[in-house]
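Student: Structure incoming, see below.
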Amino acid sequence: MAKGIWIVIEQNKAEIRNVSLELLSQGRMLADKTGDPLVAVILGSTVSKLAGIVTPYGADKVILVDDENLADYTTGAYTSVLNKLIRKEEPQAVLLGNTAVGKDLAPRLAQRLGVGMASDCTGMEFDEESFLTFRRPIYGGKAFAQVIANARPVLATIRPNTFPIALPDTARQAEVINETAEIDSEDLRAIVKEIVLAASQRPELIEANVIISGGRGMKGSENYCILESCADVIGAAVGASRAAVDAGWIEQKFQVGQTGKTVSPTLYIACGISGAIQHLAGMGTSKVIVAINKDPEANIFNLADYGIVGDLFEIVPLLTEEFKKLG
Amino acid sequence: MDIVVCLKQTFDTEAKIVLNSNGKIDGTGVNLIMNPYDEFAVEEALKLKEKFGGQVTLVSMGGERVTESLRTALAMGCDEAVLIQDPDLESPDEWVTAEVLAKAVSKIPYDIILAGRIAVDDGSGQVAIRLADALKIPSVNCIIKLEVEDGKAAATREIDGGTELIEVRLPAVLTAQKGLNIPRYPSMMGIMKAKKKEIKGMTLADLGIGAADLPRKMSITKFSLPSPRKGGIKISGEAADAAKELARILREEAKVI
Ligand SMILES: Cc1cc2nc3c(=O)[nH]c(=O)nc-3n(C[C@H](O)[C@H](O)[C@H](O)COP(=O)(O)OP(=O)(O)OC[C@H]3O[C@@H](n4cnc5c(N)ncnc54)[C@H](O)[C@@H]3O)c2cc1C
Ligand SMILES: Nc1ncnc2c1ncn2[C@@H]1O[C@H](COP(=O)(O)O)[C@@H](O)[C@H]1O
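Listed in order, the protein sequences are those of chains A and B.
Note that the first sequence covers residues 34 to 360 in my numbering.
Note that the second sequence covers residues -13 to 243 in my numbering.
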């Protein structure tokens, strides 16, 4: 019965994304309950050495598909390859991170396989019959749905920062299997012409452990440097409210909320943000929320674990200095 | 250039979510809107129509009230609408919705299918991409820029940490991300004209689908509401002291720095 829990590992230029390690760590605990093998599946070009990197996080088996055509992620090629592997090996669950890649790949793959999928999950566990059930936020986090597939396999994408990364066990051994990429020609119709990556040294917003966000209270684009200086001291990513984005102070890609990014950091610092329901939709699962706002009545104080009523232009630089002192 | 736009009607983003006595989401009295991302899809379709001519057809699956959002999109300038409504479409999953939309769309000529990247109610982000696969055509997800020429689309899509330019041969499904455009408001004239435009009702039978053809792949076993976040500690005092205290708490008590 138990046929395996698969984690589709996301890597970029041989760097494995944190969310993949989070899934391996949590997958290990699930696999231990049912005796399912935990399988890490890695697609890419010259990725063979990654097997050794994922094994300590809990994989029993690593499936490697090394092919030039897989160097950059493309919907078609990745769907083609995974569709065939999954049909052949019949795992009971295939888990991906809810990242740009996961969000694009998982629905396509689910449809190709004719199976169900749970998106952007923030919890998963086995039911009495060893079917995986998932907990997922709906209505921008204003409710949760518990969902289950009516047949196996089930696909799911899991929100980054939902599960902790386990301590690596370097003594762990995994069976490594090399598979060849079989890509249907009709899956090669979309061509990646260009990839432009921002030069920023800051963490990616959706995976960041700490985020410092600025809203309308920032008053202008020139003031975001205040947040950036603070972010660089604590290794944070910078975010924004829609009001700041729509004012043209900061790019859309930094927007947090219902029509922006969904984030789940350990610490979210909201500066000059009132705490509208649509903003909360994007950061409500943050573990600790801090608010800096000059209006004591601002709704953000009803959500924040810690708040300072004051002028952000005064408080944030002071806070940056204090963070520096903490080292 | 013929364009299909997949439109879903959703709860207003301001809506308060409550559960009814059966433990299901209670929609009574909730204000309904066009899914915000679908507004970007509608706008992009209209821009393409202005440039290349052709028809923009809206396709939606849902209840009677969806006609409200369809009228809005017709008033913005779309030409026709199809609304698929059927008692056997209660609690569809994403697979069901995609299969049904695929059947409906197959009856309409199209070069491009535009949709939202995600619906703000179920937050799935699956239906449009599944639709593309059901129709066996490529898709580009989460686009913020689109150029169409010679039967090809060059779409810039958002990826983690940057953007990616993808070229696809049409037909293709493209899903809209915020930033793609700024949706227009319906004009008075548009609203008048929309009253005369057709919203064509369709049932599963019209699409040649039997209820038994649509076994749900996923079931929702339970809805729940999150325990609301509570306001915590407000740190008072002089700015310098407050900042110092906050840094201390984050390090020593919350242990998050
Ligand atoms: C369909 C839809 C989708 C939406 N999606 C999103 C979304 O994805 N993300 C999002 O954020 N919003 C979204 N919104 C908008 C949302 O409703 C709010 O309008 C928005 O979040 C407000 O942004 P803000 O908090 O920055 O601005 P405001 O509400 O104007 O608040 C600014 C705050 O800054 C404070 N302030 C001003 N000056 C200072 C100072 N010097 N020091 C300290 N504090 C100061 C003020 O007291 C105030 O509380 C959406 C709305 C709709 C209808
Ligand atoms: N019932 C529906 N009718 C028409 N289009 C839909 C429907 N459900 C989803 N879509 C389209 O698919 C997109 C993504 O929806 P979802 O997968 O539900 O998040 C939406 O923005 C719509 O464009």
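Even for Gly, the Cβ is constructed at its ideal location relative to N, Cα and C.
Considering A/S307, what are the terminal residues of the alpha helix (DSSP H) in which it resides?
Tutor: Run containing A/S307: none; DSSP gives neither H nor E here.
Student: Please check the pair B/L75 and B/V86, which I expect to be a contact at CB under 8 Å, by giving their CB distance rounded to whole angstroms.
Tutor: 7 Å
Student: Work out the CA separation of B/L193 and A/V296 for me, nearest whole Å.
Tutor: 40 Å
Student: Check B/G137 in the structure and name its three-state DSSP category.
Tutor: The answer is coil: DSSP assigns B/G137 none of H, G, I, E or B.
Student: Exposed or buried, which one is A/G135 when buried takes at least 16 other CB atoms within 10 Å?
Tutor: buried
Student: Check whether the Cβ of B/G104 sits closer than 8 Å to any heavy atom of ligand 2, and report yes or no.
Tutor: The question names Gly, yet the displayed sequence has Ile at residue 104 of chain B. Checking every heavy atom of ligand 2 against the Cβ of B/I104, one is found closer than 8 Å.
Student: Ends of the beta strand (DSSP E) at B/M188?
Tutor: I185 to M188
Student: Which residue comes first and which comes last in the beta strand (DSSP E) that contains A/A189?
Tutor: V187 to I191
Student: So that I know if they touch, is there some Cβ in chain A lying closer than 9 Å to that of B/I98?
Tutor: no
Student: From this set, B/A180, B/R57, B/S213 and B/I206, which residue's C-alpha is nearest A/L336's C-alpha?
Tutor: Ranking B/A180, B/R57, B/S213 and B/I206 by CA distance to the CA of A/L336 puts B/S213 first.
Student: Determine the direct distance from the alpha carbon of A/N183 to that of B/K203, and round the result to whole angstroms.
Tutor: 5 Å
Student: Can you tell me the Cα-Cα spacing of B/G176 and B/I(-11), whole angstroms?
Tutor: 19 Å
Student: Determine, using beta carbons only, whether B/G147 comes closer than 9 Å to chain A.
Tutor: yes
Student: Just list the residues that DSSP pairs A/F346 with in beta bridges.
Tutor: The beta-bridge partner set that DSSP reports for A/F346 is empty.
Student: Which of the three DSSP states, helix, strand or coil, is assigned to A/N256?
Tutor: Helix.
Student: Kindly indicate which three-state DSSP category B/V4 falls into: helix, strand or coil?
Tutor: coil
Student: When you measure from the CB of B/L(-7) to every non-hydrogen atom of ligand 2, does any distance come out below 8 Å?
Tutor: yes
Student: Please compile the residues from chain B whose C-beta is within a distance smaller than 7 Å of the C-beta of A/V229.
Tutor: G148 and T149
Student: How would you list, in chain order, the residues of chain B whose beta-carbon sits under 8 Å from the beta-carbon of A/R145?
Tutor: D119
Student: Under 8 Å from any heavy atom of ligand 1, does the C-beta of A/A276 make it?
Tutor: yes
Student: Would you grab the beta carbon distance between A/G253 and A/N326 for me? Rounded to a whole angstrom, and I think it's under 8 Å.
Tutor: Not confirmed; about 17 Å, so no contact.
Student: Indicate, with yes or no, if ligand 2 has a heavy atom lying under 8 Å from the CB of B/T161.
Tutor: Taking 8 Å as the cut-off, one finds at least one heavy atom of ligand 2 near enough to the beta carbon of B/T161.
Student: Determine which residues share a DSSP beta bridge with B/M244 and list them.
Tutor: Coverage of chain B is limited to positions -13 through 243, which leaves residue 244 of chain B absent and any answer about it impossible.
Student: For B/E144 and B/K122, what's the separation of their Cα atoms in angstroms?
Tutor: Rounded to the nearest whole angstrom, the C-alpha separation of B/E144 and B/K122 is 23 Å.
Student: Using alpha carbons as the reference points, say which of B/E30, B/I70 and B/K93 lies closest to B/I185.
Tutor: B/I70
Student: Which same chain residues, not among the five before or five after B/M20, have their C-beta less than 7 Å away from its C-beta?
Tutor: L(-7), Q(-5), S55, T58 and A59
Student: Indicate whether at least one CB of chain A lies closer than 9 Å to the CB of B/C128.
Tutor: yes
Student: For A/Q234, is the classification buried or exposed, using 16 other Cβ atoms within 10 angstroms of its Cβ as the cut-off for buried?
Tutor: exposed
Student: Which one of A/A104, A/L118, A/Q44 and A/A64 has the shortest CA to CA distance from A/A84?
Tutor: A/Q44
Student: Kindly indicate the opening and closing residues of the alpha helix (DSSP H) around A/T108.
Tutor: Its alpha helix (DSSP H) spans residues T108 to E122.
Student: Leaving out the 5 sequence neighbours to the left and right, which residues in its chain are closer than 7 Å to B/G187 when beta-carbon positions are compared?
Tutor: Excluding sequence neighbours, B/G187 sits near L69 and Q71.
Student: Can you list, in chain order, the residues of its chain whose CB lies under 8 Å from that of B/I206, leaving out five sequence neighbours each side?
Tutor: Excluding sequence neighbours, B/I206 sits near S77.
Student: At the 9 Å Cβ level, is B/V68 part of the contact set with chain A, yes or no?
Tutor: With 9 Å as the cut-off, B/V68 does not count as an interface residue toward chain A.
Student: Under a three-way DSSP split, which group does B/M20 fall into?
Tutor: Note: B/M20 maps to strand in three-state DSSP.
Student: Whose C-alpha, out of A/K117, A/G109, A/P124 and A/K82, is nearest the C-alpha of A/P70?
Tutor: Taking the Cα of A/P70 as reference, the smallest distance to any Cα among A/K117, A/G109, A/P124 and A/K82 is reached at A/P124.
Student: Counting only beta-carbon separations shorter than 9 Å, does A/Q234 have a partner in chain B?
Tutor: Under the Cβ distance rule, A/Q234 does not count among the residues neighbouring chain B, no pair being separated by less than 9 Å.
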